[in-house]
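Structure first, commentary second.
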Amino acid sequence: MKTRLRLLPRLISTILLGCCIINHSALAAKNSSHQLGPTGIIAQGSKNLFSVQSVDKGSPADGKIKKGDVIVGANGTKFNQHARQELAAAIDTAESGKGVLSLTLKDGKKVDLQLQALGSYSKTAPWHCKKTNAIVTRIADQMVKTKSFAGGQVTVGWIGLLATGEKKYTDIVRRELPKQKWAKAPDLEKLAALLKGDTDMGYIGWYWGYQMIVLAEYHLLTGDKSVLPALNAYALTMARGQDPAGIWGHRLATVKRNGRLPGYAHINNPSLTTVIGMQMALKCPVKDKEEIQKGVDRSVAFYKTYAGEGALPYGVHDPNTRVFNNNGSSAMAAIVMALAGEKEATKFFSEQSAASHNIQETGHATHYFNMLWTPLGANVAGPKTSQAFFKKGNWVRTLYRRWDDKFSYDGKFSKSCNDDGSLLLAYCLPRKQLYITGKNADESLWTKDSEVDAVIGASEIDYNSLSENELIALFGHSAPQVTRGAVWTLRNRKGDFIPKVVSLIKKGTDIEKRSAIGFFGYKCPPEWALPQTKLIGSVLQDAKEHPKVRAAASYAICWHGKTAYPYYQDMLKLVVADEPDDKFGLTDKAVANALNILAKDPFAAGLVKDKKLFYRAALKLADNPRQEARANGMNMLRAMPKKEFHLVADKVKHVAINKDPNYQSYHNPMASMQSAALILAELDIEEGLEWSWAMLEAKDGKFGFKARAILTILNAYGPSAKPYLDKINADPNLKRG
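This note's numbering puts the first residue of the sequence shown at 619, with every later residue one more than the last.
So, in structure tokens, the structure goes:
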């Protein structure tokens, strides 16, 4: 047994602590005050009252409401459970009449505020709606008057004016847009240096997507060819700056980073807008269409893997089956798939967007992109779905609409974005002037009228009120969030329903089979789960079943413990099987996880019965593009006999060196690289220290994760790691104090 070192350099510990503090602070800083629509009031809210914090000078509430006042009702009705939604409804009622909003204070005093009389929303709003058009005019006029449309590096103000389709606004864009520096052809030598990694141009992963959308939509509306060189240059550079997964992060992949993205690497939000921008470029007469199209195809292939599986995560991670949307990414994906002609994926993501009407104010770091894109994504499912989404979720926009014909994000203004343009887009959807707002939409993608209520209501299902039969009926729902809710709720019930669940495994659709199999997996009571091990194992063995169903079977029975040991070999066979339709190795990744849950030490468990099969599976996983699969492949080898190391030595070295240009996820060396290094540490192979140190110094990977990995690896090497501890102590960049 080696002596382990207690290694925790001060700087690294400070950074790790700082990561926790930053994350905590971001959560703590979540806005607890709210803008109360066009009243001019900012207040802290609860379920049935508002405590006034400030009042805008010149607003309807100026001189009538003061800081410290407590508002408990509106238009003669006290707030009940949802004060913000109830106030928004009162504002709409006031605007539909003479504009008088009557607020009730805690002491019973009533205060009347004079708002603008804008009329009522139509039943089909924002379609065929005079109030919607009035709002568009007032916001657009203000944007022109104050020139706010040109503000922000996320160039949504320009898009907002173009979306109106009105000549008086598009003429202004035509006059001003070509003057913008970013609308002119960029320095091609600088772009070449950017792709090499010789220079840096900031967070272009965020900006260029929106700039491409603006330039392309502008050209298609006006025919102005002056913006085409810039559009082509951005689209071509982004295509060349993709990483192997086909996506981007804050920045691009570069030659000096071995074709990888820096730091945390992948971020789906800016990647999706970049793809949309490239797709829009292809609708224009740009020069390098072939290469741009290849870039688009890579991205579309990646995002298609999430269709039917859940909402998009932050980066290259598993689908999210808990929520329908992640800061507008479901909506962006719907537009990407619609532009790509991928009908099934379009339907899935547009309906995910429509169902997320009740989480518009959520999102990583900000919900700006949620509010911007989600109405546009729901609109891809057709006017009826868009109208239903508007009716459910427009109360938020009512409260974000200010008294001075501006929008803010709940009283806060974005620095790099454009609030007016982003929130204006939802009101312009019926005009269909832009491709992102429904121009030339494929009506075959629209949700059937008879299905709209169910699509919108998917996020509002009260599972506890449903019977066992009703829950089982949801096992085949197209939304994974719904099947998840049904499965987990049914597990808490008592009754004679197990045979019905079992019957779905035998005769259900693929979705029903996966749900029913999952029911007997993680957290299922053993008295229900274990009697089904043989049945689920037979699904795993059946090559006629869909690979996703077989992977679900492997994950379900891996929680059955030793009862599932007889199926370990079948899991290995599934990994080594050729899966030509699974270009991203996701089936293998899923099964690898099941293998490691079932047996952390397959040698001790006596499961390495066919060594050729076992090592073939582990080595195939070592080549998986996803870091989690590579880690599980390495973990399978941790306890192997030393005399057999030669069978895997080259592949363990390859994973430890971590330079493969085909890896699609690589930001976290604790997954994959660390697992390989720990094998080398067990064998006291000193080169593992050198390769691990190179990981710490590499330009890719998140430093916090790299710090944790190097500590784990150095500790595993024990006294042999002392020279590297001395290097840390000698480097002022790695040691503080």
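Beta carbons: idealized from backbone N, C-alpha and C, even for Gly.
These numbers were taken from a predicted model, which means no experiment stands behind them.
Item to check | Neighbourhood of residue 665 by C-beta distance below 7 angstroms, restricted to the same chain and skipping five residues each side | outcome: Taken in chain order, the residues that qualify are 699, 700, 701.
Next on the checklist: For residue 723 and residue 689, which I take to be in contact (beta-carbon distance under 8 angstroms), what is that distance rounded to the nearest angstrom?
Outcome noted: About 6 angstroms separates the beta carbon of residue 723 from that of residue 689, a gap short enough to meet the 8 angstroms contact definition.
Next on the checklist: For residue 1062, count the other beta carbons within 10 Å of its own beta carbon; 16 or more makes it buried, fewer makes it exposed. Which is it?
Outcome noted: With fewer than 16 Cβ atoms within 10 Å of its Cβ, residue 1062 is classed as exposed.
Next on the checklist: Quick check on the DSSP output: what are the complete alpha helix (DSSP H) runs of length 4 or more inside the region 1006-1070, in order along the chain?
Outcome noted: Qualifying alpha helix (DSSP H) stretches, in chain order: 1037-1042.
Item to check | C-alpha gap between residue 957 and residue 930, whole angstroms | outcome: Whole-angstrom Cα-Cα distance: 18 angstroms.
Next on the checklist: Looking only at its chain, what residues have a beta carbon closer than 8 angstroms to the beta carbon of residue 1064, apart from the 5 residues adjacent to it on each side?
Outcome noted: Same-chain partners within the cutoff: 999, 1000, 1001, 1002, 1003.
Item to check | Helix, strand or coil at residue 1087 [DSSP, three-state] | outcome: DSSP places residue 1087 in helix when its eight states are reduced to three.
Item to check | Cβ-based neighbour list, residue 1056, same chain, cut-off 7 angstroms, excluding 5 preceding and 5 following | outcome: 997, 1047, 1050, listed in sequence order.
Item to check | Other residues of its chain near residue 876: CB distance less than 7 angstroms, five sequence neighbours each side excluded | outcome: Taken in chain order, the residues that qualify are 1277, 1279.
Item to check | Straight-line Cα distance separating residue 1110 from residue 1212 | outcome: If you take the alpha carbons of residue 1212 and residue 1110, they lie about 24 angstroms apart.
Item to check | residue 1206, enclosing alpha helix (DSSP H) - first and last residue | outcome: Residue range 1204-1216 is occupied by the alpha helix (DSSP H) that includes residue 1206.
Item to check | Burial state of residue 746, where buried means 16 or more other Cβ atoms lie within 10 Å | outcome: Its Cβ having fewer than 16 others within 10 Å, residue 746 is exposed.
Item to check | Unbroken stretches of the alpha helix (DSSP H), 4 residues or longer, contained in the region 1231-1259 | outcome: Qualifying alpha helix (DSSP H) stretches, in chain order: 1245-1253.
Checklist entry - Going straight from the alpha carbon of residue 787 to that of residue 703, what length do you get? => result Annotation: residue 787 to residue 703 spans about 32 angstroms, alpha carbon to alpha carbon.
Checklist entry - Looking only at C-alpha atoms, which of 775, 1076, 927, 873 sits nearest to residue 1132? => result Nearest to residue 1132 by alpha-carbon distance, out of 775, 1076, 927, 873, is 927.
Checklist entry - Okay, do the region 1282-1302 and the region 889-906 touch, 3+ Cβ pairs below 8 angstroms being the bar? => result For the pair of segments examined, the region 1282-1302 was found not to touch the region 889-906: the number of CB pairs separated by less than 8 angstroms stays below three.
Checklist entry - Per DSSP, what kind of secondary structure is residue 639 in: helix, strand or coil? => result Confidence in residue 639 is poor, its pLDDT being 34 and thus under 50, which makes the residue's placement too unreliable to answer from.
Checklist entry - If you draw a straight line from the alpha carbon of residue 1015 to that of residue 988, how long is it in whole angstroms? => result Roughly 12 angstroms separates the two Cα atoms.
Next on the checklist: According to DSSP, simplified to helix, strand and coil, what is residue 798?
Outcome noted: Looking at residue 798 - three-state DSSP - the assignment turns out to be coil, as it is neither helix nor strand.
Checklist entry - Using the C-alpha atoms, what's the distance from residue 981 back to residue 1150? => result Each residue's alpha carbon lies about 40 angstroms from the other.
Checklist entry - Are the Cβ atoms of residue 924 and residue 951 separated by less than 9 angstroms? => result The answer is yes: Cβ separation under 9 angstroms.
Next on the checklist: Would residue 919 and residue 864 be called neighbours here (beta carbons separated by less than 9 angstroms)?
Outcome noted: Taking 9 angstroms as the cut-off, the beta carbon of residue 919 is found closer than this to the beta carbon of residue 864.
Next on the checklist: Using only the alpha-carbon positions, how far apart do residue 1398 and residue 1237 sit?
Outcome noted: This structure leaves residue 1398 out entirely; the chain is present only between 619 and 1355.
Checklist entry - Could you check where the beta strand (DSSP E) with residue 692 kicks off and where it finishes? => result Membership of residue 692 in the beta strand (DSSP E) is indicated by the continuous run 688-692.
Checklist entry - Of all the options 1076, 986, 1219, 1089, which has the alpha carbon lying nearest to the alpha carbon of residue 1038? => result Looking at 1076, 986, 1219, 1089, the one whose alpha-carbon comes closest to that of residue 1038 is 986.
Checklist entry - At what residues does the beta strand (DSSP E) containing residue 663 begin and finish? => result From DSSP, the beta strand (DSSP E) with residue 663 extends over 659-663.
Item to check | CA nearest to the CA of residue 1043, picked from 855, 912, 721, 774 | outcome: For residue 1043, the closest alpha carbon among the candidates 855, 912, 721, 774 is that of 774.
Checklist entry - Would a C-beta distance cut-off of 9 angstroms place residue 1193 and residue 1210 closer than the cut-off? => result Contact annotation: residue 1193 and residue 1210 have beta-carbon atoms nearer than 9 angstroms.
Checklist entry - Where do the N-terminal and C-terminal ends of the beta strand (DSSP E) with residue 728 fall, by residue? => result Segment 728-732, the beta strand (DSSP E) holding residue 728.
Next on the checklist: Could you give the first and the last residue of the continuous alpha helix (DSSP H) run that contains residue 892?
Outcome noted: Taken as a continuous stretch (DSSP letters only), the alpha helix (DSSP H) holding residue 892 covers 886-900.
Next on the checklist: Could you tell me the alpha carbon to alpha carbon distance between residue 862 and residue 835, rounded to whole angstroms?
Outcome noted: Spanning the two alpha carbons is a distance of roughly 29 angstroms.
Checklist entry - Out of curiosity, what's the CA-to-CA distance linking residue 832 and residue 767? => result Cα-Cα distance, rounded: 12 angstroms.
Next on the checklist: Just to check my reading of the structure: residue 662 and residue 651 have Cβ atoms closer than 8 angstroms, yes? What is that Cβ distance to the nearest angstrom?
Outcome noted: Here residue 662 really is in contact with residue 651; their C-beta atoms are around 5 angstroms apart, less than 8 angstroms.
Item to check | residue 723, enclosing beta strand (DSSP E) - first and last residue | outcome: If you look at residue 723, you'll find it in the beta strand (DSSP E) that goes 718-723.
Checklist entry - So, do the region 1089-1097 and the region 969-978 have three or more beta carbon pairs nearer to each other than 8 angstroms? => result Output reads yes: the region 969-978 touches the region 1089-1097.
Item to check | residue 888 classed as buried or exposed, judged by whether at least 16 other C-beta atoms fall within 10 angstroms | outcome: Result: buried.
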